[in-house]
Amino acid sequence: MSNTIFKKLGLLFLVLVLSVVMAACSEDETTSTDADTNTDNGSANTDSEESSGLSGEITVWAHPYTDGSTGEGDMWKTFASDFEAETGVKVNFEQIPWANRDQKILTALAAGQGPDVFYVIPDQMPQYAEQQLILDISQYVTDEDLSGFVPTAIEATSWKGKQYGMPILQTAESLIYNKDILTELGVDENSLPTTWDEFKALAEKAKAAGYYAFSYAGGGSLNNTLYPFLWQAGGNVIDEENNILINKPEAVKSFELINEMYTKGWIPQDSITALDHDSLYFGGKLLAVNGSGISVNRLLAEKPFEFVIAPPLKDAEQLTYGTVGMFVGSAISKNPEAAAEFMKYITNTDNQRTFNNITQYIPTRDEAKDIFDSQQYMAQLAGYTEYAKPGVIHPEGRNIMPLVQAEIQAMLEGKQSPQEAADKAADAIDKVINK
Amino acid sequence: MTSTTSKQSLSARIKRELNKNLLVYVVLVPVIIHFLIFQIYPFALSFYLTFHDWKIIGDPEFVGLKHWKSLFDDEIAWKAIWNTVKFSIYYIVPTMALGLILAVIINSGVKFSGFFKGLFFLPVVTSFVIIAGIWGWLFRGTEDGFINYLIGFVGINPQLFLSSSSQALLVLAGLSIFKVAGTTMIYYYAGLQSIDRQLYEAARIDGASPWKIFWKVTFPMLKPIHFYVAITTTIGSFQIFDSAFLLTNGGPNYSTTTIVYYLYHQGFTSLNLSYAAVLSYVLFFIILIISLIQRKYIGKDPNYY
């Protein structure tokens, strides 16, 4: 009796397992059938397929570029449906949170899945390119496709002469001053510092009046802390031939400046590991920050004080940090041609106007910058992209960052001099790039 | 002949045993399949990866002991191991002690014990990100940070807290203790509830003071709970990651870089997946050794049940 029950249970279990397996298989079949149906059915799609020569589907991963309240979702829906109508390629759009984005993308790629098109920034791009994770789209992109882009944006999306991404947005950081503090200090907003020495004099004045002069998030990216000063001083981290330049005299000047700012109290005491100083800035305790469009739009929305934007500082050179956001194709994409076409499509002039108008980033096509014609501050920042460098463009660019950061932190803790910090950073970089 | 008979009887016994427990085995199959796919397979795969270079896409390339050897030259890895050990020292005993104290409070019949139970457990169910945000605000290293504001009243100078190599790890340990003590409290509370009341009555009749009752009755009777909590808090302490990731980014100067933080960085920022696998095995061996030591000295006690 009991044996019969067990046999029945065993059979039931087997049926269940088989059902799950069959359901999984049939799901795949259904998906592909749906995809086929999507591309095969409907005269519009057939026509567009014939004209574009493309077919199938692609999956696109992008991040939330706004707080979600400005029609960003509708924008992607429109992009997807218009592209679908134009080419016959079905676009599956997925929004991925910024948090742990590397982890999500790499895990998906390792599993042989994931997106055909995804978003990266320039210091990820060469690393992904060297690991052959992203698609070399040179074969799909003509010179005409690349004309009209800001040259720095094209530089930031290519590596070793190959085009890996299509740039959609840019930022340019510049000094945003609290006008109330300037008034209190008796400083004319039309004669703001343009050089390090002028800024140091103003910083001393701000400190004496009980304010911090500047923000320094020492626990964050060096793109926003050391590098702008390092470039302004005429220095660099490494060059294209892997020569280490971070402990050369010009570069050490930036270490000295940061050390001076900390020891003199121009930047807050927690600058060693702080991840941001927004609360101090919006609370009116900081004279200036290196801010981008995000800061401007927040200041305009919250109106904590009047502000004024000044051009990036200059020591030996006038430079600042600005990222370039780009879409890249996955190296394991089964539809690379369609992926490349989609990247070209969303970065065309009209779509850049739409994207950057909604997200309030700076377009990477000169022609599309007209969206800021009536926006004083964004137009001003857009004008500074010519000074913006997108970080250390090197496969080890992101790996060397924590090594340098640790030495700066030790310097700010008073454990070593700026020269010692720069020398140790150089040794650490050497171990990474010459391993 | 005898051997054949015993073989037959063994196979008959196995068959009988299988038949008797067939339902149990059937029910266990999905769990075993899940365990094999999501525990054993990744465990074995990561061990395989430690001997290979793997670029995420494509086949791994055999490199022998290269990644294991690089561990010995990697100063940051050793620093991360030492930081994790230090973190455990700061974390394990206080977490256990605080959990026990809170459990004793809510078990003592104090008024509104249900309210206190909820209050003490609240950090456990609150998102780590939110708690880390509050902690970051409390321990902000500027003079307007809340703790700095408070200690200013008793004449202590503002401290750097998260920006100090000597203090940051302690602050992170404090955060983890705060987050986890509620869970430990629940384990101890369950243990306290299971102690035979007659033991307390006998001790009281013998004239033992409450303090003596605690040390001579309650504390020893909680031995299995001590063992369980010691194991779980040890494992938890060696896996510490979130607080360093959210509050200090491993700084200043690597003072809060823990094994898992470094492992994450190697795996997902540097894309050195094989080396990250080596680090995960280092973590595994450390936890294994400590668990075996704890089992030898606490778990084998005859009072363990």
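Chains A and B, in that order, are what the protein sequence lines are. Per this note's numbering, the very first residue in the first sequence carries number 533; after that it's consecutive. Per this note's numbering, the very first residue in the second sequence carries number 77; after that it's consecutive. By construction, the Cβ of each residue, glycine as well, lies at the ideal position given by its N, Cα and C atoms. None of the values given here were measured: they were computed from a predicted structure.
Counting only Cβ pairs nearer than 8 Å, list the residues of chain A close to residue i.
i: B:Arg-216; result: Asp-802
Rounded to the nearest angstrom, what separates residue i and residue j at their Cα positions?
i: A:Asn-822; j: A:Asn-756; result: 8 Å
i: B:Ser-242; j: B:Ser-331; result: 8 Å
i: B:Ala-278; j: B:Lys-288; result: 13 Å
i: B:Tyr-337; j: A:Asn-632; result: 13 Å
i: A:Ala-900; j: B:Leu-251; result: 48 Å
i: B:Thr-324; j: B:Leu-246; result: 12 Å
i: B:Phe-111; j: B:Ser-87; result: 28 Å
i: B:Leu-248; j: A:Ala-783; result: 34 Å
i: A:Glu-593; j: A:Lys-694; result: The amino acid occupying residue 593 of chain A in the given sequence is Trp; Glu does not appear at that position. Rounded to the nearest angstrom, the two C-alpha atoms are 23 Å apart.
i: A:His-926; j: B:Tyr-101; result: 55 Å
i: A:Glu-838; j: A:Trp-798; result: 21 Å
i: B:Leu-347; j: B:Leu-125; result: 13 Å
i: B:Gln-370; j: B:Leu-298; result: 15 Å
i: A:Lys-876; j: A:Glu-616; result: 14 Å
i: B:Ile-365; j: B:Pro-118; result: 21 Å
i: A:Glu-792; j: A:Gly-600; result: 41 Å
i: A:Ala-733; j: B:Lys-155; result: 40 Å
i: A:Met-698; j: A:Ile-686; result: 8 Å
i: A:Tyr-919; j: A:Gln-884; result: 21 Å
i: B:His-341; j: B:Ser-356; result: 12 Å
Taking only beta-carbon atoms, is residue i less than 8 Å away from chain B?
i: A:Leu-667; result: no
i: A:Leu-641; result: yes
i: A:Gly-751; result: yes
i: A:Asp-959; result: no
i: A:Ala-833; result: no
i: A:Gly-907; result: Going by the sequence as given, residue 907 of chain A is Gln instead of Gly. Judged by the 8 Å Cβ criterion, A:Gln-907 is not in contact with chain B.
i: A:Glu-945; result: yes
i: A:Asp-599; result: no
i: A:Thr-805; result: yes
i: A:Ala-942; result: yes
i: A:Ala-555; result: Unreliable placement is indicated for A:Ala-555, whose pLDDT of 38 sits below 50; no coordinate value is reported for it.
i: A:Leu-758; result: no
i: A:Gln-627; result: no
i: A:Pro-699; result: no
i: A:Asp-614; result: no
i: A:Pro-658; result: no
Between which residues of its own chain and residue i is the CB-CB distance below 8 Å, once the five residues before and five after are set aside?
i: A:Ala-640; result: Gly-646, Pro-647
i: B:Leu-236; result: Gly-217, Gln-243
i: B:Leu-214; result: Gly-221, Phe-222, Ile-223
i: A:His-479; result: In the structure as shown, chain A begins at 533 and stops at 967. Residue 479 of chain A is therefore absent and cannot be evaluated.
i: B:Ala-306; result: Ile-168, Met-172, Gln-370, Ile-374
By Cβ distance, which residues of its chain are closer than 6 Å to residue i, with the 5 residues on each side in sequence left out?
i: A:Gln-892; result: Gly-825, Asn-829
i: A:Lys-947; result: none
i: A:Ser-690; result: none
Indicate whether at least one CB of chain A lies closer than 8 Å to the CB of residue i.
i: B:Ala-353; result: no
i: B:Pro-118; result: no
i: B:His-302; result: no
i: B:Asn-325; result: yes
i: B:Leu-238; result: yes
i: B:His-110; result: no
i: B:Ala-244; result: yes
i: B:His-143; result: no
Within its chain, find whatever has a CB closer than 7 Å to the CB of residue i; leave out the 5 residues flanking it on each side and keep chain order.
i: A:Glu-849; result: Trp-763, Gln-764, Gly-766
i: A:Lys-846; result: Thr-726, Thr-727, Gln-764
i: A:Asn-573; result: Its pLDDT being 39, under 50, A:Asn-573 is placed unreliably by the model, and the measurement read from it follows with that caveat. Hits under 7 Å: none found.
i: B:Ile-36; result: Residue coverage of chain B in this structure runs from 77 to 381, which leaves residue 36 of chain B outside it and unanswerable.
For a contact defined as C-beta to C-beta under 7 Å, what are the partners of residue i on chain A?
i: B:Lys-131; result: Gln-663, Gln-664
i: B:Ser-241; result: Glu-945
i: B:Asn-183; result: Per Cβ cutoff of 7 Å: no residues; B:Asn-183 is ~39 Å from chain A at best.
i: B:His-128; result: Correct list: empty, because the minimum Cβ distance to chain A is about 13 Å.
How would you list, in chain order, the residues of chain A whose beta-carbon sits under 9 Å from the beta-carbon of residue i?
i: B:Leu-121; result: Simply none; closest approach about 11 Å.
Please compile the residues from chain C whose C-beta is within a distance smaller than 8 Å of the C-beta of residue i.
i: B:Pro-234; result: Checking the listed chains, one finds no chain C in this structure; the protein chains it contains are A and B.
Taking C-beta pairs closer than 8 Å, name the residues in chain B that residue i reaches, listed in chain order.
i: A:Arg-930; result: Thr-345, Ser-346
i: A:Ile-864; result: Ile-133
Please list the partners that residue i has in chain B, where partner means a Cβ-to-Cβ separation under 7 Å.
i: A:Ala-938; result: Gly-327, Asn-329, Tyr-330
i: A:Asp-648; result: None at all; the shortest Cβ gap to chain B is about 14 Å.
Quick check: does the Cβ of residue i come within less than 7 Å of any heavy atom belonging to the ligand NAD?
i: B:Tyr-276; result: This structure does not include the ligand NAD; it has no bound ligands of any sort.
query = Which runs of the beta strand (DSSP E) fall wholly inside the region 588 to 658 of chain A and span at least 3 residues, in chain order?
reply = 589 to 594, 622 to 627, 649 to 652
request  = Output the residue ranges of the alpha helix (DSSP H) runs that lie fully inside the region 283 to 338 of chain B and measure 4 residues or longer, sorted by chain position.
outcome  = 286 to 289, 299 to 314
message = So within the region 679 to 709 of chain A, which uninterrupted alpha helix (DSSP H) runs reach at least 4 residues, ignoring any that extend past its ends?
response = 683 to 688
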